[in-house]
Amino acid sequence: MGLQPGTYNIGDQKVDVTDTCAVVYGTTTLSGSIATMDSCVRFLHKSVGCSLVNAIECATLHPAQVLGITRSKGTLDFGTDADFVLLNSNLEVECTYIGGLCVWSKNADQIEINGY
C-alpha cells in the first residue's frame with residue numbers, strides 16, 4: 001500500500017526504504033515510518049488493549065480535531081466528505097472511498113470508479 005523497497009528523494013534528502021524501515025541513505029538513521037494506518041490501529045487495539053472504538057477514533061476523529069477540520073473530516077455524518085475505509089474483521093483495509101467513491105479495493109473488480 002506504500003512505497004516498494006528502494007531509494008527515494010524526500011525534498012533534497014535521499015531515503016532508503018526497506019520492508020521494515022526508512023533510513024537516511026547510507027546510514028542507519030531513521031527517516032520516518034513505513035507503518036500503514038491500519039497496522040497502527042491493529043497494534044493499538046490488540047497490543048495496547050485500547051478499545052476498537054478508541055483505536056479507530058485515534059486514526060480518524062482525533063487528527064481531524066487537532067487540525068480543526070471536523071466539519072468535513074474525521075466522522076461520517078451528513079455534509080462531511082465521505083472519505084473512509086472499510087476494514088475486515090482482522091482490521092485490514094478492504095476498500096478506500098474518497099468523496100463516497102471507491103478508489104481502491106483489495107479486489108480490483110469492486111472498484112466502482114477508478115479516479116483520484
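For what it's worth, full-length UniProt numbering labels the leading residue of the sequence shown as 1, then goes sequentially.
The beta-carbon is built from N, C-alpha and C at its ideal position, and this holds for glycine as well.
Values in this document were obtained by computation on a predicted structure and should not be read as measured data.
Would you kindly work out how many angstroms separate the C-alpha atoms of residue i and residue j, rounded to a whole number?
i: W104; j: M37; result: 15 Å
i: C50; j: G68; result: 24 Å
i: A64; j: R71; result: 9 Å
i: N54; j: G26; result: 39 Å
i: V85; j: L44; result: 17 Å
i: Y116; j: A35; result: Note that Y116 scores 41 on pLDDT, short of 50, meaning its location in the model is unreliable; the coordinates nonetheless yield the value given after this. Each residue's Cα considered, the two are about 23 Å apart.
Is DSSP giving residue i helix, strand or coil here?
i: E92; result: coil
i: S31; result: coil
i: residue 175; result: Nothing about residue 175 can be read from this structure; the chain reaches only from 1 to 116.
i: L101; result: strand
i: L3; result: coil
i: C50; result: coil
i: I56; result: helix
Which residue marks the beginning of the beta strand (DSSP E) containing residue i, and which one marks its end?
i: L86; result: F84 to L87
i: K14; result: Q13 to V17
i: I10; result: G6 to I10
Nearest to residue i by alpha carbon, out of the options?
i: Q4; options: G68, D12 and C21; result: C21
i: G32; options: F43, D16, R42 and G100; result: D16
i: G100; options: F78, V48, E57 and N107; result: F78
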